[in-house]
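*Asks:* Heads up: the sequence shown runs through residues 1 to 155, numbered per my numbering.
I am attaching a structure below and will ask some questions about it afterwards.
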Amino acid sequence: MQAAAGQGGPAAGVTLVLGEDAEAESLAVPGPVVTARRGAGLRAEAPDRFQVTAGDRGQLRRLLRSVSERYGPISAVVFAWPLTPGGGPATRLTTLTSAFCALIATLADGEFGRPLVLVLTVGAMHVQAGDRVDLGTCALPGLVRTAAAETAPLP
Numbered sequence: 001m002q003a004a005a006g007q008g009g010p011a012a013g014v015t016l017v018l019g020e021d022a023e024a025e026s027l028a029v030p031g032p033v034v035t036a037r038r039g040a041g042l043r044a045e046a047p048d049r050f051q052v053t054a055g056d057r058g059q060l061r062r063l064l065r066s067v068s069e070r071y072g073p074i075s076a077v078v079f080a081w082p083l084t085p086g087g088g089p090a091t092r093l094t095t096l097t098s099a100f101c102a103l104i105a106t107l108a109d110g111e112f113g114r115p116l117v118l119v120l121t122v123g124a125m126h127v128q129a130g131d132r133v134d135l136g137t138c139a140l141p142g143l144v145r146t147a148a149a150e151t152a153p154l155p
């Protein structure tokens with residue numbers, strides 16, 4: 001995972017994982033965890049599991065509000081949505097970056113505090129021999145650095 005815009009830490013509060021249940025389980029996030037998978041429309045599937053349309057700021061805001069009201073402050077958001085199946089690299093990149101930008105824009109006004117934002121970037125960088133870079137995600141680390149720089153407090 002790569003840290004993105006945000007201050008604070010997962011010391012107190014709930015962690016929201018934007019991803020499938022399998023990602024949340026494999027990350028072994030300590031403390032209370034709520035997951036939200038990508039789907040058509042916002043709905044609660046269980047007390048700690050939601051579905052939300054990726055990239056829809058209104059739905060993301062309602063999701064964050066619902067999680068905050070049920071579980072208290074959100075200490076961290078893990079952006080771990082898997083790539084959209086199908087389509088070329090440009091389509092996958094557009095879908096993924098639109099969803100990430102919608103999340104950052106939703107958090108920008110501070111209504112939900114300043115939770116730590118972590119981004120799971122599978123296939124975004126070549127780290128070791130045998131790694132395959134997915135052109136659908138390779139621009140995401142740069143977007144994360146830009147978001148962190150633009151939301152950081154000025155000296």
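By construction, the Cβ of each residue, glycine as well, lies at the ideal position given by its N, Cα and C atoms.
1. Exposed or buried, what is glycine 19 when buried is set at 16 or more other beta-carbons lying within 10 Å of its beta-carbon?
2. Compare the beta carbon distance of proline 115 and isoleucine 74 with 8 Å and say whether it is the shorter of the two.
3. Does the beta-carbon of threonine 91 have 16 or more other beta-carbons within 10 angstroms, so that it is buried, or is it exposed?
4. Rounded to whole angstroms, how far is the Cβ of valine 77 from the Cβ of leucine 103, which I believe are closer than 8 Å?
5. Excluding the five sequence neighbours on either side, which residues of its own chain have a C-beta within less than 8 Å of the C-beta of serine 66, listed in chain order?
6. Beta-carbon within less than 7 Å of glycine 72's beta-carbon, same chain only, minus the 5 sequence neighbours each way: which residues are those?
7. Give a yes or no on whether the C-beta atoms belonging to alanine 40 and leucine 16 are separated by under 8 Å.
8. Near serine 68, which residues of its chain fall below 7 Å by C-beta distance, leaving aside the five closest residues on each side in sequence?
9. In the structure shown, what three-state DSSP assignment does arginine 114 receive?
10. Candidates Thr53, Leu118, Leu63: which alpha carbon is nearest proline 47's?
11. When the Cα atoms are used, what is the spatial distance from arginine 38 to alanine 129?
*Replies:* Taking the geometry as given:
1. buried
2. yes
3. exposed
4. 7 Å
5. Ala44, Phe50
6. Gly13, Val14
7. no
8. Ile74, Phe112
9. coil
10. Leu63
11. 32 Å
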